[in-house]
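*Asks:* Please read through the structure below; I'll follow up with questions.
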C-alpha cells in the first residue's frame, strides 16, 4: 500500500513595508531592516526574508501549511509598519 506524503506549498510574497512611527533616514534604515528581517524570519514556516532598507520592498518565502500570510502581515503591523502586498505567487 502506497502512502501519500503531504507536500508543502511554498509561496512567495512581495510587499512594501513602511515604518509608520518615524521618518526613514539613513541613520537608522539599516538597523530597522535588520530588526525586521530577524523578526519575520523567526516566524515558524518562513524560510526566507529579504528586505531592501531603502525602498521597504520585502520578499518573503513561506510554507502555507505552517503559516498564513495574515500572520506575517500582523507581525509587520505589531512592529509599527504599514504593509501593502505587491504580488503573491506559489513557487512550489
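Numbering (the working numbering), first residue to last: -12 to 79.
Glycine is no exception: its CB is placed at the ideal position from the N, C-alpha and C atoms.
#1: Taking all protein chains shown into account, decide if residue 78 is buried (16 or more other Cβ within 10 angstroms of its Cβ) or exposed.
#2: Give the range of the beta strand (DSSP E) segment to which residue 65 is assigned.
#3: Give me the Cβ distance between residue 0 and residue 75, rounded to the nearest whole Å; I'm assuming they're in contact under 8 Å.
#4: Is the CB-CB distance between residue 48 and residue 34 below 7 Å?
#5: Quick check on residue 69: does DSSP put it in helix, strand or coil?
*Replies:* In brief:
#1: Taking the chain shown and counting its residues from 1, one reaches residue 78 at position 91. Exposed, by the Cβ-count rule.
#2: Numbered from 1 along the chain shown, position 78 holds the residue referred to as residue 65. It is not in any beta strand (DSSP E) - residue 65 instead sits in the alpha helix (DSSP H) that spans 56 to 65.
#3: As a working note, residue 0 is residue 13 in the chain shown. As a working note, residue 75 is residue 88 in the chain shown. Confirmed, about 5 Å.
#4: Walking along the chain shown from the start, residue 48 turns up at place 61. Walking along the chain shown from the start, residue 34 turns up at place 47. A contact, by the Cβ cut-off of 7 Å.
#5: Counted from its first residue, the chain shown places residue 69 at position 82. Residue 69: strand per DSSP, three-state reduction.
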